[in-house]
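Enquirer: For the sequence shown, position 13 matches number 13 in this note's numbering, and the numbering has no gaps at all. No residue lacks a Cβ here, since even glycine has one placed at the ideal position from N, Cα and C. This structure is a prediction, so every number in the text was calculated from the model and none was measured. Sharing a structure here in structure tokens format.
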Amino acid sequence: MSLFEKAKKDIVEVSSELDEQIWAHINDLTKPPGALGELEQVAFRFARIRRETIPAVPKKRLYTFAGDHGVTEEGVSAFPAEVTVQMVANMMQGGAAINVFGRHVDCDVQVVDVGVNADLSAMEGVLHRKVRMGTRNMVTEAAMTEAEVMQALEVGIALALDAAADGVTLMGTGEMGIGNTTPAAALMHVLLPCDLKQIVGRGTGVDDVGLQRKRDAIAAAVRLHSLDGNDQDPLLALQKVGGLEIAALTGLMLGCAAKRIAVVVDGFISSAAALVACKLNPATSDYLLFSHLSAEQGHRRFVEGLGVRPILDLGFRLGEGTGAALAMSLVDASVKMMREMATFSSAGVSTALEESGEGAA
């Protein structure tokens with residue numbers, strides 16, 4: 001059995017066996033029930049994933065996958081493809097936003113070359129997992145072969161297994177790749193499914209002409225690969241119009257779900273990978289927390305379509321894992337709330353029911 005098939009098979013729905021105990025503890029904390037709002041929901045979901053009434057403070061890791069895209073030949077990005085290499089170098093020097101936020105939240109950030117269109121073998125610190133030098137242009141041919149998409153998926157799965165062996169309990173997703181909002185939008189267009197005008201945004205800041213080129217490129221690719229209509233095969237869609245970093249992110253989520261590691265999903269690109277992962281095994285969704293609502297136009301359509309509620313809404317549209325890193329600090333806070341706050345029963349604080357005399361014999 002392949003690594004991919006085993007990961008898919010090992011993912012099971014999160015058990016509800018401890019739900020009552022988890023909520024009983026949260027509601028016994030010295031606060032009115034629900035007073036900490038969404039933070040209580042985050043605490044509940046993390047405890048549920050970890051199958052612990054009061055989970056340990058998470059050990060955090062974030063992988064930022066880097067890859068290039070042949071579709072940039074269609075003029076879909078405001079930045080040249082060379083920026084991918086330059087930004088990976090910036091990350092390795094500790095100067096990117098993800099490095100700053102990773103240090104801030106005490107998260108181990110690792111950069112993975114899964115498909116940069118350059119030889120990075122001499123760049124120290126990068127995890128070298130290159131499948132190929134960027135994807136092909138989806139407008140004229142499939143972005144990847146079947147073997148390549150499977151290899152990229154298994155890069156992500158293998159890294160999830162490494163993380164599990166290292167005791168990681170909270171994973172963040174990140175990516176870097178000029179042009180990658182185009183394959184992400186293409187996957188959402190095909191798999192949600194939804195109209196191109198709803199899902200295709202300006203990415204790095206293309207003008208109106210560039211925006212129309214993006215829509216035209218995706219429409220042409222979808223026609224070429226016969227991806228019109230509902231109930232498309234997610235693996236085929238990923239191969240035809242996806243990206244190497246998106247495939248690796250998909251594999252990472254599958255591998256984490258198989259090992260009961262909670263995943264904080266970053267913005268638009270990572271959400272496209274989450275969509276593929278959930279189509280491959282719907283139980284994957286039980287293990288995913290969405291960090292933020294991206295300012296990229298189509299992300300709102302995505303979260304509405306899947307019925308998920310992101311933790312933050314700060315107008316982010318950077319990627320790299322920046323939203324995931326910041327949201328991890330709130331997962332930390334939610335767990336520390338469960339572990340460190342006094343309870344009514346332990347602190348001798350009267351509850352509202354006790355003060356009113358309700359429930360007395």
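Would you mind working out which of D106, G174 and G67 sits nearest G243, comparing C-alpha positions?
Expert: Walking along the sequence shown from the start, residue 243 turns up at place 243. Considering only alpha carbons, the answer is G67.
Enquirer: Tell me, which residues are paired with L127 by DSSP?
Expert: To locate residue 127, count along the sequence shown from 1; it is residue 127. DSSP, once it has assigned bridges, lists V112 as partnering L127.
Enquirer: Between G323 and the rest of its own chain, which residues show a CB-CB distance below 7 Å, the 5 nearest in sequence each way excluded?
Expert: As a position in the sequence shown, residue 323 is number 323, starting the count at 1. Once the five neighbours on either side are set aside, the close Cβ partners of G323 are D266, G267, S291, H292, L312 and F316.
Enquirer: From L280 to V57, what does the alpha carbon distance come to, in whole angstroms?
Expert: As a first step, residue 280 must be located in the sequence shown, where it is residue number 280. As a first step, residue 57 must be located in the sequence shown, where it is residue number 57. Looking at the two C-alpha atoms, the distance is approximately 30 Å.
Enquirer: Identify whether M150 lies in helix, strand or coil by the three-state DSSP scheme.
Expert: One-based indexing of the sequence shown puts residue 150 at position 150. Helix.
Enquirer: How many Å lie between M338 and L62 at the Cα?
Expert: Residue 338 sits at position 338 when you count from the first residue of the sequence shown. Residue 62 sits at position 62 when you count from the first residue of the sequence shown. About 24 Å.
Enquirer: For H104, which of M328, V349, F344 and M341 has the nearest alpha-carbon?
Expert: Here residue 104 is taken as the residue at index 104 of the sequence shown, counted from 1. Taking only the C-alpha atoms, the option nearest H104 is M328.
Enquirer: If we require 4 or more residues per run, which alpha helix (DSSP H) segments fall completely within the segment 55-114?
Expert: 83-92 and 97-104
Enquirer: Does the Cβ-Cβ distance between D106 and K31 come in under 8 Å?
Expert: Here residue 106 refers to the residue found at position 106 when the sequence shown is read from its first residue. Here residue 31 refers to the residue found at position 31 when the sequence shown is read from its first residue. It is not a contact, given that the beta carbons lie outside the stated cut-off.
Enquirer: Rounded C-beta distance between L252 and M171? I'm assuming under 8 Å.
Expert: Mapped onto the sequence shown, residue 252 falls at position 252. Mapped onto the sequence shown, residue 171 falls at position 171. The Cβ separation is near 7 Å, so the contact holds.
Enquirer: Contact between the segment 65-81 and the segment 44-53 is defined here as three or more beta-carbon pairs at a separation below 8 Å; is this criterion met?
Expert: no
Enquirer: Taking the straight line between their C-alpha atoms, what separation do you get for A257 and T204?
Expert: For the purposes of this step, residue 257 is taken as residue 257 along the sequence shown, with counting starting at 1. For the purposes of this step, residue 204 is taken as residue 204 along the sequence shown, with counting starting at 1. Between A257 and T204, the C-alpha separation is close to 31 Å.
Enquirer: Mind checking which residues open and close the alpha helix (DSSP H) that includes E245?
Expert: Locating residue 245 in the sequence shown gives position 245, where the first residue counts as 1. E245 -> alpha helix (DSSP H) spans L244 to A258.
Enquirer: If you run the structure through DSSP and keep just helix, strand and coil, what is F316?
Expert: Counting from 1 along the sequence shown, the entry for residue 316 is found at position 316. Looking at F316 - three-state DSSP - the assignment turns out to be coil, as it is neither helix nor strand.
Enquirer: Specify the secondary structure class of A262 as computed by DSSP and reduced to three states.
Expert: Along the sequence shown, read from residue 1 onward, the residue named residue 262 stands at position 262. Reduced to three states, the DSSP call for A262 is strand.
Enquirer: Count the other CB atoms, across all protein chains shown, that sit within 10 Å of the CB of E296; report buried if there are 16 or more and exposed otherwise.
Expert: Against the sequence shown, residue 296 aligns to sequence position 296. Buried, by the Cβ-count rule.
Enquirer: Quick check: what's the CA-CA separation for G179 versus E304?
Expert: Counted from its first residue, the sequence shown places residue 179 at position 179. Counted from its first residue, the sequence shown places residue 304 at position 304. Cα-Cα distance, rounded: 24 Å.
Enquirer: Thinking C-alpha only, which one of A24, E17 and A43 is nearest K336?
Expert: As a working note, residue 336 is residue 336 in the sequence shown. Selected option, being the one with the closest Cα: A43.
Enquirer: Rounded to whole angstroms, what is the Cα-Cα separation between L18 and F46?
Expert: For the purposes of this step, residue 18 is taken as residue 18 along the sequence shown, with counting starting at 1. For the purposes of this step, residue 46 is taken as residue 46 along the sequence shown, with counting starting at 1. Computed Cα separation, rounded: 12 Å.
Enquirer: Answer with buried or exposed for H128, where buried requires no fewer than 16 other C-beta atoms within 10 angstroms of its C-beta.
Expert: As a first step, residue 128 is located in the sequence shown; it is residue number 128 there, counting from the start. So H128 ends up on the exposed side.
Enquirer: Determine contact between the segment 7-22 and the segment 270-289, defined as no fewer than three beta-carbon pairs at a distance below 8 Å.
Expert: yes
Enquirer: Would you mind sorting S356 into buried or exposed? The rule is 16 or more other CB atoms within 10 Å of its CB.
Expert: In the sequence shown, residue 356 corresponds to position 356, counting from 1. Here the model assigns S356 a pLDDT of 46, short of 50, so the residue's position is not dependable and the matter cannot be decided.
Enquirer: Since A325 and L39 are thought to touch, with beta carbons under 8 Å apart, how far apart are those beta carbons, to the nearest angstrom?
Expert: Counting from 1 along the sequence shown, the entry for residue 325 is found at position 325. Counting from 1 along the sequence shown, the entry for residue 39 is found at position 39. 17 Å between Cβ atoms; not a contact.
Enquirer: Find the nearest neighbour of R132 within the set H69, R300 and Q110, judged by alpha-carbon distance.
Expert: Here residue 132 refers to the residue found at position 132 of the sequence shown. With distances taken between Cα atoms, R132 lies closest to H69.
Enquirer: Is the separation between the beta-carbon of D174 and that of G321 shorter than 8 Å?
Expert: Locating residue 174 in the sequence shown gives position 174, counting from the first residue. Locating residue 321 in the sequence shown gives position 321, counting from the first residue. Reading off the sequence, residue 174 comes out as Gly, not Asp. Cβ atoms of G174 and G321: closer than 8 Å.
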